[in-house]
Amino acid sequence: MKYFLILFIIAPNLFAGDKCSSDFDCSSLCCNPSLGICQPHEPDKGIYCEKSPGQTCVDRIYCRMENVTECFIVKTGTDPSGEIECALRCYDNPIFGSCRHGICISPRFPPVPDFDPEVPDCKDAIDPPAL
Numbered sequence: 044m045k046y047f048l049i050l051f052i053i054a055p056n057l058f059a060g061d062k063c064s065s066d067f068d069c070s071s072l073c074c075n076p077s078l079g080i081c082q083p084h085e086p087d088k089g090i091y092c093e094k095s096p097g098q099t100c101v102d103r104i105y106c107r108m109e110n111v112t113e114c115f116i117v118k119t120g121t122d123p124s125g126e127i128e129c130a131l132r133c134y135d136n137p138i139f140g141s142c143r144h145g146i147c148i149s150p151r152f153p154p155v156p157d158f159d160p161e162v163p164d165c166k167d168a169i170d171p172p173a174l
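Note that the sequence shown covers residues 44 to 174 in our numbering.
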């Protein structure tokens, strides 16, 4: 009985719309700091907490998705002599921010590869990514 009471005391029992002061107050683990109410978080239904950078979090999936531009040198075909042609292409990729030390942080943008379209170096070119 002693263990049951301890679990009951620390288990979150507030639901969406209930007043909260911490993510751990909510059964969804998502307390909206501006409104002070529990927000829903049901990834299997496509409902996410979507916390902004600087807000508290328990995992990165609770941080909002942001478009991160990733650039690659991609194969675009072959020239008449059979040599691979390539170009620099950039794609927007929505990803969750990071949750570091309990705080949402915007995702990092990867560096853009060096590419000179006048003298393209296609030796490391990849097939275009599937979108």
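Don't be surprised by glycine CBs; every beta carbon is placed ideally from N, CA and C.
Check	Outcome
Backbone CA spacing between Tyr105 and Cys92 [nearest angstrom]	5 Å
Buried versus exposed call for Phe152 [16 or more other C-beta atoms within 10 Å across all chains shown]	exposed
Segment limits, beta strand (DSSP E) that includes Phe139	127-139
Supposed close pair Cys81, Gly97 - CB separation, criterion 8 Å	Contact flag wrong, Cβ pair sits at about 19 Å.
Under the three-state DSSP convention, the category Lys62 falls into	strand
Asp66 classed as buried or exposed, judged by whether at least 16 other C-beta atoms fall within 10 angstroms	buried
Any 3 or more C-beta pairs closer than 8 Å across the region 156-173 and the region 118-129	yes
Arg103 in three-state terms, based on DSSP	helix
Chain-order list of residues whose beta-carbon lies under 7 Å from that of Val155 (same chain, five-residue window excluded)	Cys114
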